[in-house]
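*Asks:* Residue numbers (my numbering): 2 to 178. Built from N, CA and C at the ideal position, the CB exists for glycine as well. These figures come from a predicted structure and were not determined experimentally.
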Ligand SMILES: [Ca+2]
Ligand SMILES: [Ca+2]
Ligand SMILES: [Ca+2]
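Following this line, the structure appears as C-alpha cells:
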C-alpha cells in the first residue's frame, strides 16, 4: 500500500479502511528479499487481488526457512491464506506466483478436497504452521509477499528490444549472443 493510497483513503473518508491500512503497514516485515504484510479478512480470491494491488501475490513458501520465518512473524494460531491452489487442475497444487513447488507442509490427511470444493490453502490449520485445503469462500487474512530485490534486466533482453524497435533482424541478433 503506497502512501498516496493512504492519503486517498483519508481524503475519501473511509474510516474503517484507514484502520485496516494502518494495521497492515505496522505488520509489514521483510525477509530474504521480500516484504510481507496481511490482507483484510476475506475470501482467497479477494485476498489474492489485494496482494496483486500491493505489487505481489499471496505468499509463496519456497523453503523451510521462509516457513519458519512466517511462523515467527505472524504467529502459529491465526489461519492465513497462502498462494497455493489447485484451482486450475484438481489435485495439482501450484503457487499462484508460478514459482516452482519445492516445499510443502500439509497436515495429515490433507489436502482432501473436502466436499469436492477445496482448492485454496491456509496455513496454521490444525497444527502450528500446518497446511489444509479449504473452500475459497472462507474468510481469512492472507499473507502478501512482495519481492523487494529487483532482478537486473539481462543485457541480451535489452539488445533484443532495441534491435526489435529498429525494425527487423532481432532473431538473428539474438542467436549471435
Ligand atoms: Ca517466497
Ligand atoms: Ca481441490
Ligand atoms: Ca481440506
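1. Locate the beta strand (DSSP E) running through residue 109, then write down its first and last residues.
2. In terms of residue numbering, what span does the beta strand (DSSP E) encompassing residue 35 cover?
3. Using a threshold of 7 Å, state whether the C-beta atoms of residue 179 and residue 123 are closer than that.
4. Residue 44 and residue 140 look like a contact to me (Cβ under 8 Å); what is the Cβ gap, rounded to whole Å?
5. Can you grab the Cα-Cα spacing for the pair residue 74 / residue 36, in whole Å?
6. Quick one, what's near ligand 2 if you take every residue whose CB is closer than 7 Å to any heavy atom, in chain order?
7. Anyone know if the C-beta pair for residue 34 and residue 59 falls short of 7 Å?
8. Heavy atom of ligand 1 less than 6 Å from the Cβ of residue 67, yes or no?
9. Is residue 65 helix, strand or coil by DSSP?
10. What span of residues does the beta strand (DSSP E) with residue 104 cover, start to end?
11. What is the DSSP secondary structure of residue 73, counted as helix, strand or coil?
12. Give me the DSSP bridge partner(s) of residue 134.
13. Confirm the yes/no value for this check: CB of residue 63, any heavy atom of ligand 1, distance under 6 Å.
*Replies:* Once the coordinates are examined:
1. Note, residue 109: premise wrong, no beta strand (DSSP E); not H, not E.
2. According to the DSSP assignment, residue 35 belongs to the beta strand (DSSP E) that extends over 35-43.
3. For the chain, the structure presents residues 2 to 178; residue 179 sits outside this window and is missing.
4. 6 Å
5. 11 Å
6. 87, 91, 92, 112, 114, 119, 120, 134
7. no
8. True, at least one ligand heavy atom lies under 6 Å from that Cβ.
9. Residue 65 sits in a helix when the DSSP states are folded into three classes.
10. DSSP places residue 104 in no beta strand (DSSP E); its state is neither H nor E.
11. helix
12. 122
13. yes
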